[in-house]
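Protein sequences appear in the order of chains S and L. The first sequence stops at residue 334 when you use this note's numbering, and every number in between is there. The second sequence stops at residue 334 when you use this note's numbering, and every number in between is there. Ideal Cβ positions, reconstructed from N, Cα and C, are used throughout, including at glycine.
There are 2 protein chains.
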Amino acid sequence: MPELRRDPIVGRWVIISSERKIRPHELLQGQPPAMASSSVCPFCPGQERLTPREILAYRPPGSHANGPGWHVRVIPNKFPVLQVEGALDREGLGLFDRMNGIGAHEIIIETPEHKHALADLAPQQVESVLRAIRDRINDLKRDSRFRYITVFKNHGAAAGATLEHSHSQLIALPVVPTTAMLELVGCREHYRLKERCLFCDLIRQEQRDGHRIVIDSADFVCVTPFAARYPFEMWILPKQHAKSYEDVNDASLEWLARILSDALHRMDRVLASPAYNMVIRSAPLNERRAQSYHWHLEIIPKLAQTAGFEEGAGFHINPVVPEESAKFLREADV
Amino acid sequence: MPELRRDPIVGRWVIISSERKIRPHELLQGQPPAMASSSVCPFCPGQERLTPREILAYRPPGSHANGPGWHVRVIPNKFPVLQVEGALDREGLGLFDRMNGIGAHEIIIETPEHKHALADLAPQQVESVLRAIRDRINDLKRDSRFRYITVFKNHGAAAGATLEHSHSQLIALPVVPTTAMLELVGCREHYRLKERCLFCDLIRQEQRDGHRIVIDSADFVCVTPFAARYPFEMWILPKQHAKSYEDVNDASLEWLARILSDALHRMDRVLASPAYNMVIRSAPLNERRAQSYHWHLEIIPKLAQTAGFEEGAGFHINPVVPEESAKFLREADV
Numbered sequence: 001m002p003e004l005r006r007d008p009i010v011g012r013w014v015i016i017s018s019e020r021k022i023r024p025h026e027l028l029q030g031q032p033p034a035m036a037s038s039s040v041c042p043f044c045p046g047q048e049r050l051t052p053r054e055i056l057a058y059r060p061p062g063s064h065a066n067g068p069g070w071h072v073r074v075i076p077n078k079f080p081v082l083q084v085e086g087a088l089d090r091e092g093l094g095l096f097d098r099m100n101g102i103g104a105h106e107i108i109i110e111t112p113e114h115k116h117a118l119a120d121l122a123p124q125q126v127e128s129v130l131r132a133i134r135d136r137i138n139d140l141k142r143d144s145r146f147r148y149i150t151v152f153k154n155h156g157a158a159a160g161a162t163l164e165h166s167h168s169q170l171i172a173l174p175v176v177p178t179t180a181m182l183e184l185v186g187c188r189e190h191y192r193l194k195e196r197c198l199f200c201d202l203i204r205q206e207q208r209d210g211h212r213i214v215i216d217s218a219d220f221v222c223v224t225p226f227a228a229r230y231p232f233e234m235w236i237l238p239k240q241h242a243k244s245y246e247d248v249n250d251a252s253l254e255w256l257a258r259i260l261s262d263a264l265h266r267m268d269r270v271l272a273s274p275a276y277n278m279v280i281r282s283a284p285l286n287e288r289r290a291q292s293y294h295w296h297l298e299i300i301p302k303l304a305q306t307a308g309f310e311e312g313a314g315f316h317i318n319p320v321v322p323e324e325s326a327k328f329l330r331e332a333d334v
Numbered sequence: 001m002p003e004l005r006r007d008p009i010v011g012r013w014v015i016i017s018s019e020r021k022i023r024p025h026e027l028l029q030g031q032p033p034a035m036a037s038s039s040v041c042p043f044c045p046g047q048e049r050l051t052p053r054e055i056l057a058y059r060p061p062g063s064h065a066n067g068p069g070w071h072v073r074v075i076p077n078k079f080p081v082l083q084v085e086g087a088l089d090r091e092g093l094g095l096f097d098r099m100n101g102i103g104a105h106e107i108i109i110e111t112p113e114h115k116h117a118l119a120d121l122a123p124q125q126v127e128s129v130l131r132a133i134r135d136r137i138n139d140l141k142r143d144s145r146f147r148y149i150t151v152f153k154n155h156g157a158a159a160g161a162t163l164e165h166s167h168s169q170l171i172a173l174p175v176v177p178t179t180a181m182l183e184l185v186g187c188r189e190h191y192r193l194k195e196r197c198l199f200c201d202l203i204r205q206e207q208r209d210g211h212r213i214v215i216d217s218a219d220f221v222c223v224t225p226f227a228a229r230y231p232f233e234m235w236i237l238p239k240q241h242a243k244s245y246e247d248v249n250d251a252s253l254e255w256l257a258r259i260l261s262d263a264l265h266r267m268d269r270v271l272a273s274p275a276y277n278m279v280i281r282s283a284p285l286n287e288r289r290a291q292s293y294h295w296h297l298e299i300i301p302k303l304a305q306t307a308g309f310e311e312g313a314g315f316h317i318n319p320v321v322p323e324e325s326a327k328f329l330r331e332a333d334v
């Protein structure tokens with residue numbers, strides 16, 4: 001059973017994934033693990049027997065569950081970092097706090113085509129992916145054990161992907177990650193002082209200023225943040241205040257799919273299709289004091305020359321001015 | 001002039017290093033930059049003219065500044081992320097906050113021998129390195145512009161090192177990094193409730209429990225933390241309460257050098273001499289409310305199979321139980 005442990009100094013929860021006894025030599029430096037080619041890819045149509053049974057799939061009438069025909073498919077992760085079954089058994093051990101590693105870990109297979117990246121998909125297909133994520137969150141949030149759902153994508157081996165076939169991941173957690181809690185506290189404090197949403201204020205300021213805008217569409221805006229940790233980091237924010245991703249409506253999803261595709265195309269153009277991480281930052285579940293939060297999506301290209309410094313120095317050093325990043329992205333020939 | 005910018009959501013300061021206009025292609029994926037070999041190494045004896053003039057050097061009587069003969073040498077970084085000269089010019093821009101990138105960025109060259117890693121050095125030499133760091137902090141803290149000094153080491157290209165010759169870095173900052181602030185707040189809150197230091201409590205609990213102890217020496221203890229973010233992460237803590245590294249006395253430095261060497265030998269043995277990051281976590285400078293803080297040193301091996309997940313998921317997943325890590329390290333044949 002995996003375990004959740006809390007650092008007593010800063011309150012950060014960490015998943016200790018003890019399922020498999022790892023020997024030190026398995027962790028040694030070397031090339032990233034080789035990715036499965038399409039011939040044995042468990043995410044390809046026709047290979048559905050290689051994965052756990054599907055939780056959700058968008059497929060035409062007449063096509064059968066766990067067979068081919070789907071265009072988006074959601075399955076439990078075969079090697080989950082948390083387990084769905086069991087009780088939390090929260091426990092204090094002197095200064096320390098722990099609970100069982102209860103949660104859900106799902107994979108959203110974004111396309112039947114092995115070779116297509118998210119940026120290669122038609123906007124309608126991206127929209128289906130975004131809808132599948134929304135529908136899964138709305139289902140999972142009925143489980144009262146879960147406090148937070150993180151949705152993320154590791155694209156490329158350098159960004160932590162271990163399978164080539166394009167997919168996102170979803171992890172439902174019984175705790176709120178420190179980053180999410182810090183953001184929530186910042187939003188609450190701003191609302192308490194000003195009776196306005198911090199992110200809504202930020203969007204207005206960015207629109208007035210213009211220098212960090214990458215794309216300004218009907219419902220969403222894409223910016224490079226003022227204090228970006230990474231070169232070419234991008235945030236996509238809904239213009240209308242909304243605390244949770246899962247409340248997004250169908251019309252908005254269409255716009256989100258378009259701006260996300262556009263942002264990825266620009267990044268691919270400027271940075272020659274880099275590895276990247278993407279994460280949806282949304283309010284904690286069933287938390288009444290989260291109204292002042294404003295969900296958004298972060299895209300972080302994984303660039304070789306910027307690795308390593310943060311762990312060492314303990315803070316971020318960004319070698320590219322965010323306004324320069326925005327200019328390159330805005331002017332990209334897409 | 002580099003710049004410090006504050007994220008308005010979580011309050012995190014980031015260095016935006018705008019000195020050199022970086023073109024996107026310079027950031028692209030690829031092999032880490034090739035490291036200078038000893039023939040052209042600016043940190044080797046005899047090549048002192050290739051570096052800025054030394055700030056501090058331990059050298060025998062009769063040897064001349066900026067010439068060979070030294071056994072530890074401290075120089076300004078030739079490519080500093082912050083600049084010493086200038087005024088902070090703190091400024092608000094609507095929601096955003098910025099100041100000029102004022103600070104110090106120094107390199108501690110740990111040995112005259114190009115091929116020796118920190119773990120290869122005699123304990124007396126390690127002690128000299130630790131003393132040089134202490135002496136530099138005590139000098140820099142007289143500059144009232146500085147709020148925090150971070151000391152760190154990136155060993156190996158995978159950990160962010162760009163020069164092979166063994167060295168540490170020191171950055172004096174006019175702001176307190178978020179991580180340091182969060183730790184300080186945790187320590188203050190514990191002290192307020194219990195009138196005891198949180199880290200002192202933690203050391204006592206670890207000693208009683210024993211499962212996460214790697215080395216227990218006279219003045220220091222080395223443990224794998226209960227909620228370790230990374231496999232084989234180690235903390236070295238002084239047993240006697242002390243908020244700041246720079247207050248450590250000569251007798252303690254001798255013990256610190258020994259336990260640090262021992263810990264590195266054990267890590268090298270178990271993980272085949274991995275790349276690693278090391279960071280000294282100490283109290284903010286000239287901060288009267290920091291008495292409840294307890295300085296310590298963190299060692300984080302950079303292991304291929306654990307990269308990428310944190311950026312994606314937004315929290316840490318550690319595939320090795322800290323008690324298992326401690327057992328491997330404790331039982332290492334050194």
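The beta carbons of N318(L) and V248(S) sit about 33 Å from each other, so the pair does not count as a contact at 8 Å. By the neighbour-count criterion, in which 16 or more other beta carbons inside 10 Å mark a residue as buried, D97(S) falls on the buried side. Interface annotation, W13(S): in contact with chain L, CB-CB separation under 9 Å. Distance from the Cα of I213(S) is smallest, within the candidate group T224(S), F220(S), R204(S), for T224(S). A57(L): member of the beta strand (DSSP E) spanning 56–58, first to last residue. DSSP places L202(L) in the helix class (H, G or I) of the three-state scheme.
The C-alpha of G94(L) lies about 24 Å from the C-alpha of L329(S). Following the DSSP letters along the chain, one finds E183(S) inside the alpha helix (DSSP H) bounded by residues 178–194. For H155(S), the closest of E48(S), L27(S), A275(S) by C-alpha to C-alpha distance is A275(S). The beta carbon of A172(S) sits closer than 6 Å to the beta carbons of G103, A104, L140, F146, I149 from its chain, once the five residues preceding and following it are set aside; these are given in chain order. By the 16-neighbour rule on beta-carbons within 10 angstroms, M1(L) is exposed. In this structure A132(L) is in contact with L56(L), their Cβ atoms being roughly 6 Å apart against a cut-off of 8 Å.
According to the DSSP secondary-structure assignment, G92(S) is paired through a beta bridge with D97(S).
A Cβ-Cβ distance of about 16 Å is found for the pair E183(S) and V185(L), leaving them out of contact under the 8 Å criterion. In the DSSP assignment, D216(L) is bridged to V221(L). By DSSP's assignment, I259(L) forms no beta bridge with any residue.
Chain L has a Cβ within less than 9 Å of the Cβ of V270(S).
Inclusion of G101(S) and A159(L) in the CB contact set at 9 Å is not warranted, their separation being larger than that value. T111(L) is bridged by DSSP to nothing; it lacks a bridge partner. Around the Cβ of G62(S), a 10 Å sphere holds fewer than 16 other Cβ atoms; the residue is exposed.
Proximity of chain L to V279(S) at the Cβ level (cut-off 7 Å) is accounted for by G312, G314, in chain order. In this structure, I236(L) keeps its C-beta atom at 9 Å or more from the C-beta atom of I137(L). Under the DSSP definition of a beta bridge, A104(S) partners with A172(S). Within the same chain, and ignoring the five residues on either side of P42(L) in sequence, the residues whose Cβ sits closer than 6 Å to its Cβ are L50, T51.
Along the segment 222–245 of chain L, the positions whose C-beta sits under 8 Å from a C-beta of chain S are P225, F226, A227, A228, R229, P231, F232, read in chain order.
The three-state secondary structure of M267(L), taken from DSSP, is helix. Ranked by Cα distance from S261(L), the first of E323(L), Q240(L), V129(L) is V129(L).
In this structure P60(S) is exposed. Its beta-carbon is surrounded by fewer than 16 other beta-carbon atoms within 10 angstroms.
Assigned with DSSP and collapsed to three states, K302(S) falls in strand.
In terms of CA proximity to I280(S), K153(S) leads the group K153(S), H211(S), F220(S), P24(S). Within chain L, the residues placing a beta-carbon under 9 Å from that of L28(S) are L271, A272, P274, L303, A304, Q305, ordered along the chain.
Around the beta carbon of R266(L), 16 or more other beta carbons lie within 10 angstroms, which makes this residue buried. The alpha-carbon separation between E91(L) and G210(S) amounts to approximately 19 Å.
Think of a sphere of 8 Å around the beta carbon of F220(L): no beta carbon from chain S falls inside it, the nearest being about 18 Å out. Contact of D7(L) with chain S is assigned, a C-beta pair being separated by under 9 Å.
At a cut-off of 9 Å, the C-beta of S18(S) has a neighbouring C-beta in chain L.
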